[in-house]
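Asks:
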Amino acid sequence: MKSLAKRKDSLADPKNQLALFNSGIFANGDLPTFKDKTSETDQFPLKPNNLEIFQVNVGYMCNQVCAHCHVDAGPDRKEIMTTETMQLCLDKLKESGATTLDLTGGAPEMNPNFRWFVEEASKIGVKDFIVRSNLTILRANKKYYDLPEFFKKHNVHVVSSLPFYKRGKTDKQRGDGVFDASIEALKELNKVGYGVQGSGLKLDLVFNPSGAFLPGNQEDLEHEFKTALKEDFNITFNNLFAITNLPVSRFLEFLVATENYEDYMDELVDAYNPTAVESVMCKNTISVDWQGYLYDCDFNQQLDLKVATTGKHLSEFDAEALKNRNIIVSQHCYGCTAGAGSSCQGTVA
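If you're matching positions, the sequence shown starts at 165 in our numbering and goes up one per residue.
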């Protein structure tokens, strides 16, 4: 087995991450490339279906520094989307016919233009308007305390990350005090109707494993979370999404530093499910970064793998070219096709 020691300090560079994927370093020898694996079942090249989701990353600034974060987000990140780029997003969203706007970050709420974007986006009447929140931001500062009411006013679908329904595992993954702050935020969301039956206000939770292993069965996890949060805190929510941690950015650094990279990649490849390939999120989603560049998914965004068309920016948006493109893949794509599959909306198979 080759040593990864020399790579540990260089994985912040997307080119080095891709080089690692292509280097053939695995516990059980060389593993097939994702291209080879999908070719075996006549699924390569991956082609998109109809565009349904605009996933917009409004910036990498975040109040947390999570060990599994594939965006490498944190308080020191300065990348922030401007109102000009936000308006371009809305213009192209309407032009594309996509029915879902999905705002992410970092903590999207920390973008100083966030509320303007939500207000303007709510006017165009998308079918599903998602904001992905880490929960703790809702209690981080008084200026965010009114966000549950703000979300309600604009009928935002809140998707919130919560590593576990117990304090120990949550704080280990995200930092001391994260669990208690998350519980307080969930209570505030429940108070205005989110996750409450009959309210029409959707509150979904996201579960990521705390280590180098695949998530358990999504339905079983949802039942566990609902039972525990209701019994311990009288908290309710709609759905739980179980998402596989992809070997990208900070989670890749964690895998290498803990000497779990080779075994984790082996696990992903061994769990490869060709059925999941048909429903991966890159088939119905376009990812937009804070500058307006286009990617097949949020993970490709972090690897700087822009879409394979001549128009790689919102200003050059070409719906027909995007529909006919080949989706760019690499070894990290095994994460979305392992077991029941994984997407920003949970399992896919």
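C-beta atoms are modelled at their ideal positions from N, C-alpha and C, and glycine is treated no differently. Keep in mind it's a predicted model, so treat the numbers as computed, not measured.
Locate the alpha helix (DSSP H) running through ASN277, then write down its first and last residues.
Replies: Locating residue 277 in the sequence shown gives position 113, where the first residue counts as 1. Careful: ASN277 lies outside any alpha helix (DSSP H) and carries neither H nor E.
Asks: Only counting runs of 4 or more residues, tell me where the alpha helix (DSSP H) segments fall wholly within the segment 441-484, in order along the chain.
Replies: With a minimum length of 4 residues, the continuous alpha helix (DSSP H) runs that stay inside the segment 441-484 are 462-466.
Asks: Where does HIS496 land, buried or exposed, given buried means 16+ other C-beta within 10 angstroms?
Replies: Numbered from its first residue, the sequence shown carries residue 496 at position 332. So HIS496 ends up on the buried side.
Asks: Cβ of LYS470 less than 7 Å from any chain C Cβ?
Replies: Absent from the structure is chain C; it holds one protein chain and no more.
Asks: Mapping DSSP to helix, strand and coil, what is SER297?
Replies: The residue you call residue 297 lines up with position 133 of the sequence shown. SER297: strand per DSSP, three-state reduction.
Asks: Which of the three DSSP states, helix, strand or coil, is assigned to HIS234?
Replies: To locate residue 234, count along the sequence shown from 1; it is residue 70. Here HIS234 sits in coil by DSSP.
Asks: Please check the pair THR334 and GLN228, which I expect to be a contact at CB under 8 Å, by giving their CB distance rounded to whole angstroms.
Replies: Taking the sequence shown and counting its residues from 1, one reaches residue 334 at position 170. Taking the sequence shown and counting its residues from 1, one reaches residue 228 at position 64. 11 Å between Cβ atoms; not a contact.
Asks: I'd like to know if the segment 221-237 and the segment 262-273 are in contact, where contact means that at least 3 CB-CB pairs between them fall below 8 Å.
Replies: Yes: at least three Cβ pairs fall under 8 Å.
Asks: Looking only at its chain, what residues have a beta carbon closer than 6 Å to the beta carbon of HIS232, apart from the 5 residues adjacent to it on each side?
Replies: Looking up residue 232 in the sequence shown gives position 68. The answer, listed in chain order, is ASN372, ASN409 and PHE415.
Asks: Could you spell out the range, first to last residue, of the beta strand (DSSP E) harbouring THR264?
Replies: As a first step, residue 264 must be located in the sequence shown, where it is residue number 100. Taken as a continuous stretch (DSSP letters only), the beta strand (DSSP E) holding THR264 covers 264-268.
Asks: In this structure, how does DSSP classify LEU311 when only helix, strand and coil are distinguished?
Replies: By 1-based counting over the sequence shown, the position of residue 311 is 147. It is helical.
Asks: Going by beta-carbon coordinates alone, are ALA504 and THR439 separated by less than 7 Å?
Replies: For the purposes of this step, residue 504 is taken as residue 340 along the sequence shown, with counting starting at 1. For the purposes of this step, residue 439 is taken as residue 275 along the sequence shown, with counting starting at 1. Contact: no.
Asks: Can you tell me which of ALA472, PHE377 and PRO312 puts its alpha carbon nearest to the alpha carbon of LYS351?
Replies: If you number the sequence shown from 1, residue 351 lands on position 187. LYS351 has its Cα closest to that of PRO312, out of ALA472, PHE377 and PRO312.
Asks: Can you tell which of THR263, TYR309, ASP236 and THR246 has the C-alpha that lies nearest to the C-alpha of THR449?
Replies: For this step, residue 449 is matched to residue 285 along the sequence shown. The shortest C-alpha separation from THR449 is found at THR263.
Asks: Measure the alpha-carbon distance for SER167 versus ASN277 and round it to whole angstroms.
Replies: Numbered from its first residue, the sequence shown carries residue 167 at position 3. Numbered from its first residue, the sequence shown carries residue 277 at position 113. Residue confidence for SER167 is low, a pLDDT of 46 falling below 50, so the modelled location carries little weight and cannot support an answer.
Asks: Out of CYS446, ALA485 and GLN466, which has the shortest C-alpha to C-alpha gap to LEU210?
Replies: The residue you call residue 210 lines up with position 46 of the sequence shown. The shortest Cα separation from LEU210 among CYS446, ALA485 and GLN466 belongs to CYS446.
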